[in-house]
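Numbering (this note's numbering), first residue to last: 2 to 223. Glycine included, every Cβ here is placed at the ideal spot set by N, Cα and C. Data block below; observations after.
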(Lines of atoms letter the chains of each structure in order from A and count residues from 1; the text may use other names and numbers.)
(Lines give C-alpha, C1' and ligand atoms only; values in the text may rest on other atoms or scores of the structure.)
Protein backbone atom coordinates (compact mmCIF):
# COMPACT_ATOMS: atom_id res chain seq x y z
CA UNK A 1 0.00 0.00 0.00
CA UNK A 2 1.44 3.35 -1.04
CA UNK A 3 1.54 6.30 1.31
CA UNK A 4 -0.64 9.30 0.44
CA UNK A 5 1.20 11.68 -1.86
CA UNK A 6 0.69 14.89 -3.76
CA UNK A 7 0.55 14.30 -7.51
CA UNK A 8 1.36 17.41 -9.51
CA UNK A 9 1.08 15.73 -12.91
CA UNK A 10 -0.60 12.67 -14.38
CA UNK A 11 0.15 10.11 -17.06
CA UNK A 12 -3.02 8.67 -18.57
CA UNK A 13 -4.91 9.32 -15.34
CA UNK A 14 -4.34 9.81 -11.63
CA UNK A 15 -2.28 7.27 -9.67
CA UNK A 16 -5.04 6.82 -7.11
CA UNK A 17 -7.30 5.47 -9.86
CA UNK A 18 -4.78 2.84 -10.97
CA UNK A 19 -3.46 -0.49 -9.81
CA UNK A 20 0.35 -0.61 -9.85
CA UNK A 21 1.99 -4.00 -10.42
CA UNK A 22 5.51 -5.09 -11.48
CA UNK A 23 6.21 -5.08 -15.21
CA UNK A 24 7.04 -8.80 -15.16
CA UNK A 25 3.66 -9.57 -13.60
CA UNK A 26 1.89 -7.48 -16.24
CA UNK A 27 3.68 -9.30 -19.06
CA UNK A 28 2.85 -12.68 -17.51
CA UNK A 29 -0.83 -11.77 -17.24
CA UNK A 30 -1.32 -10.08 -20.61
CA UNK A 31 1.43 -11.42 -22.83
CA UNK A 32 2.49 -7.89 -23.77
CA UNK A 33 6.15 -7.60 -24.74
CA UNK A 34 6.47 -3.88 -25.37
CA UNK A 35 6.02 -0.76 -23.27
CA UNK A 36 4.25 2.29 -24.62
CA UNK A 37 5.18 4.52 -21.70
CA UNK A 38 7.79 4.68 -18.97
CA UNK A 39 8.80 7.37 -16.50
CA UNK A 40 12.25 8.24 -15.22
CA UNK A 41 13.49 10.97 -12.91
CA UNK A 42 16.84 12.62 -12.38
CA UNK A 43 18.29 13.05 -8.91
CA UNK A 44 19.83 16.31 -10.10
CA UNK A 45 17.36 18.62 -11.84
CA UNK A 46 20.21 20.44 -13.57
CA UNK A 47 21.16 17.19 -15.34
CA UNK A 48 17.69 16.30 -16.59
CA UNK A 49 18.48 17.10 -20.23
CA UNK A 50 21.75 15.14 -20.07
CA UNK A 51 19.97 12.12 -18.58
CA UNK A 52 17.21 12.34 -21.19
CA UNK A 53 19.78 12.24 -24.00
CA UNK A 54 21.48 9.22 -22.42
CA UNK A 55 18.20 7.31 -22.09
CA UNK A 56 17.26 8.25 -25.65
CA UNK A 57 20.65 7.04 -26.93
CA UNK A 58 20.21 3.68 -25.17
CA UNK A 59 16.73 3.15 -26.61
CA UNK A 60 17.85 4.29 -30.06
CA UNK A 61 20.73 1.83 -29.99
CA UNK A 62 18.45 -1.04 -29.03
CA UNK A 63 15.68 -0.33 -31.52
CA UNK A 64 17.96 1.07 -34.24
CA UNK A 65 16.73 4.57 -34.88
CA UNK A 66 18.46 7.92 -34.99
CA UNK A 67 18.52 9.43 -31.46
CA UNK A 68 18.22 12.90 -33.00
CA UNK A 69 14.94 11.95 -34.70
CA UNK A 70 12.35 13.97 -32.76
CA UNK A 71 9.50 11.96 -34.31
CA UNK A 72 10.78 8.56 -33.14
CA UNK A 73 9.67 8.97 -29.53
CA UNK A 74 7.42 11.40 -27.74
CA UNK A 75 9.26 12.87 -24.76
CA UNK A 76 7.57 15.00 -22.14
CA UNK A 77 10.03 16.88 -19.95
CA UNK A 78 8.02 18.08 -16.96
CA UNK A 79 10.97 20.23 -15.82
CA UNK A 80 10.18 22.82 -18.49
CA UNK A 81 6.52 22.78 -17.52
CA UNK A 82 7.32 23.36 -13.86
CA UNK A 83 9.73 26.16 -14.72
CA UNK A 84 6.90 27.82 -16.63
CA UNK A 85 4.48 27.21 -13.75
CA UNK A 86 6.97 28.65 -11.24
CA UNK A 87 7.37 31.79 -13.35
CA UNK A 88 3.60 32.04 -13.80
CA UNK A 89 2.94 31.64 -10.07
CA UNK A 90 5.58 34.25 -9.25
CA UNK A 91 3.93 36.71 -11.65
CA UNK A 92 0.52 35.82 -10.21
CA UNK A 93 1.75 36.45 -6.66
CA UNK A 94 3.14 39.82 -7.73
CA UNK A 95 -0.22 40.63 -9.32
CA UNK A 96 -2.04 39.65 -6.13
CA UNK A 97 0.40 41.76 -4.12
CA UNK A 98 -0.31 44.80 -6.30
CA UNK A 99 -4.07 44.21 -6.07
CA UNK A 100 -3.80 43.78 -2.30
CA UNK A 101 -1.79 46.98 -1.96
CA UNK A 102 -4.30 48.93 -4.03
CA UNK A 103 -7.11 47.44 -1.95
CA UNK A 104 -5.44 48.63 1.25
CA UNK A 105 -4.96 52.11 -0.20
CA UNK A 106 -8.58 52.30 -1.34
CA UNK A 107 -9.66 51.00 2.07
CA UNK A 108 -7.57 53.70 3.74
CA UNK A 109 -9.24 56.37 1.62
CA UNK A 110 -12.61 54.93 2.60
CA UNK A 111 -11.70 55.01 6.30
CA UNK A 112 -10.52 58.61 5.97
CA UNK A 113 -13.78 59.64 4.31
CA UNK A 114 -15.86 57.86 6.94
CA UNK A 115 -13.94 59.48 9.78
CA UNK A 116 -14.31 62.89 8.13
CA UNK A 117 -18.08 62.39 8.13
CA UNK A 118 -17.97 61.22 11.76
CA UNK A 119 -15.98 64.29 12.80
CA UNK A 120 -18.37 66.57 10.94
CA UNK A 121 -21.42 64.99 12.58
CA UNK A 122 -19.85 65.13 16.06
CA UNK A 123 -18.44 68.64 15.79
CA UNK A 124 -20.84 70.05 18.44
CA UNK A 125 -19.89 67.20 20.78
CA UNK A 126 -16.21 68.01 20.28
CA UNK A 127 -16.91 71.67 21.02
CA UNK A 128 -18.68 70.80 24.29
CA UNK A 129 -15.83 68.52 25.38
CA UNK A 130 -13.22 71.19 24.64
CA UNK A 131 -15.29 73.82 26.44
CA UNK A 132 -15.35 71.54 29.49
CA UNK A 133 -11.56 71.24 29.48
CA UNK A 134 -10.76 68.46 27.02
CA UNK A 135 -7.36 69.01 25.44
CA UNK A 136 -6.70 68.78 21.69
CA UNK A 137 -4.39 65.83 22.33
CA UNK A 138 -7.25 63.97 24.02
CA UNK A 139 -9.63 64.69 21.12
CA UNK A 140 -6.96 63.55 18.66
CA UNK A 141 -6.36 60.34 20.62
CA UNK A 142 -10.09 59.62 20.86
CA UNK A 143 -10.69 59.76 17.12
CA UNK A 144 -7.50 57.85 16.36
CA UNK A 145 -8.62 55.11 18.74
CA UNK A 146 -12.02 54.97 17.06
CA UNK A 147 -10.28 54.72 13.70
CA UNK A 148 -8.14 51.82 14.92
CA UNK A 149 -11.19 50.03 16.33
CA UNK A 150 -13.05 50.52 13.06
CA UNK A 151 -10.06 49.21 11.09
CA UNK A 152 -9.50 46.29 13.47
CA UNK A 153 -13.13 45.17 13.18
CA UNK A 154 -12.88 45.24 9.38
CA UNK A 155 -9.60 43.32 9.45
CA UNK A 156 -11.00 40.75 11.89
CA UNK A 157 -14.04 40.17 9.67
CA UNK A 158 -11.74 39.71 6.69
CA UNK A 159 -9.68 37.18 8.65
CA UNK A 160 -12.82 35.28 9.64
CA UNK A 161 -13.95 35.12 6.01
CA UNK A 162 -10.51 33.89 4.94
CA UNK A 163 -10.43 31.24 7.69
CA UNK A 164 -13.94 30.16 6.70
CA UNK A 165 -12.91 29.70 3.08
CA UNK A 166 -9.85 27.69 4.15
CA UNK A 167 -12.07 25.50 6.36
CA UNK A 168 -14.68 24.86 3.67
CA UNK A 169 -12.28 24.37 0.75
CA UNK A 170 -11.17 20.79 1.64
CA UNK A 171 -14.79 19.61 1.36
CA UNK A 172 -14.78 20.59 -2.34
CA UNK A 173 -12.40 17.73 -3.15
CA UNK A 174 -9.92 19.89 -5.06
CA UNK A 175 -6.93 19.54 -2.74
CA UNK A 176 -5.38 16.88 -5.00
CA UNK A 177 -5.15 19.43 -7.80
CA UNK A 178 -4.59 22.78 -6.09
CA UNK A 179 -3.61 21.82 -2.53
CA UNK A 180 -5.22 23.06 0.67
CA UNK A 181 -5.23 26.83 1.28
CA UNK A 182 -3.90 27.97 4.64
CA UNK A 183 -3.50 31.29 6.40
CA UNK A 184 0.18 32.21 6.52
CA UNK A 185 0.90 33.64 9.97
CA UNK A 186 3.67 35.94 8.69
CA UNK A 187 1.51 37.28 5.87
CA UNK A 188 -1.41 37.76 8.27
CA UNK A 189 0.82 39.63 10.74
CA UNK A 190 2.28 41.82 7.98
CA UNK A 191 -1.20 42.58 6.61
CA UNK A 192 -2.48 43.44 10.09
CA UNK A 193 0.46 45.78 10.64
CA UNK A 194 -0.06 47.50 7.30
CA UNK A 195 -3.78 47.74 7.96
CA UNK A 196 -3.15 49.37 11.32
CA UNK A 197 -0.63 51.80 9.83
CA UNK A 198 -2.99 52.75 7.00
CA UNK A 199 -5.80 53.16 9.52
CA UNK A 200 -3.69 55.53 11.60
CA UNK A 201 -2.66 57.59 8.59
CA UNK A 202 -6.21 57.65 7.23
CA UNK A 203 -7.69 58.71 10.56
CA UNK A 204 -5.00 61.19 11.54
CA UNK A 205 -6.11 64.08 9.34
CA UNK A 206 -9.81 63.99 10.31
CA UNK A 207 -8.76 63.56 13.96
CA UNK A 208 -6.36 66.51 13.74
CA UNK A 209 -9.11 68.61 12.18
CA UNK A 210 -11.35 67.76 15.14
CA UNK A 211 -8.59 68.58 17.64
CA UNK A 212 -8.00 72.00 16.04
CA UNK A 213 -11.64 73.09 16.18
CA UNK A 214 -12.56 76.32 17.95
CA UNK A 215 -14.88 75.27 20.82
CA UNK A 216 -17.19 78.26 20.33
CA UNK A 217 -17.53 77.71 16.60
CA UNK A 218 -17.87 73.94 17.05
CA UNK A 219 -20.77 74.23 19.52
CA UNK A 220 -22.65 76.50 17.11
CA UNK A 221 -22.38 74.00 14.24
CA UNK A 222 -25.29 71.60 13.79
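8 Å Cβ shell around residue i - same chain, five flanking residues per side excluded
i           : result
residue 164 : 184
residue 136 : none
Cut-off 6 Å between Cβ atoms - residues of its own chain near residue i, not counting five sequence neighbours on either side
i          : result
residue 61 : 68
Beta-carbon spacing of residue i, residue j below 9 Å
i           : j           : result
residue 145 : residue 204 : yes
residue 148 : residue 201 : yes
residue 78  : residue 104 : no
residue 160 : residue 190 : no
residue 210 : residue 120 : yes
residue 155 : residue 195 : no
residue 36  : residue 24  : yes
residue 40  : residue 57  : no
Buried versus exposed call for residue i [16 or more other C-beta atoms within 10 Å across all chains shown]
i           : result
residue 212 : buried
residue 101 : exposed
residue 207 : buried
residue 26  : exposed
residue 32  : exposed
residue 140 : buried
Among the options, nearest to residue i - alpha-carbon criterion
i           : options              : result
residue 126 : 219, 138, 24 and 82  : 219
residue 47  : 33, 80, 40 and 17    : 80
residue 1   : 19, 216 and 31       : Because residue 1 is not part of the residues shown, which for the chain are 2 to 223, the question remains open.
residue 71  : 95, 171 and 54       : 54
residue 143 : 42, 169, 116 and 132 : 116
7 Å Cβ shell around residue i - same chain, five flanking residues per side excluded
i           : result
residue 167 : 182, 183 and 184
residue 112 : 148, 151, 152, 200, 203 and 204
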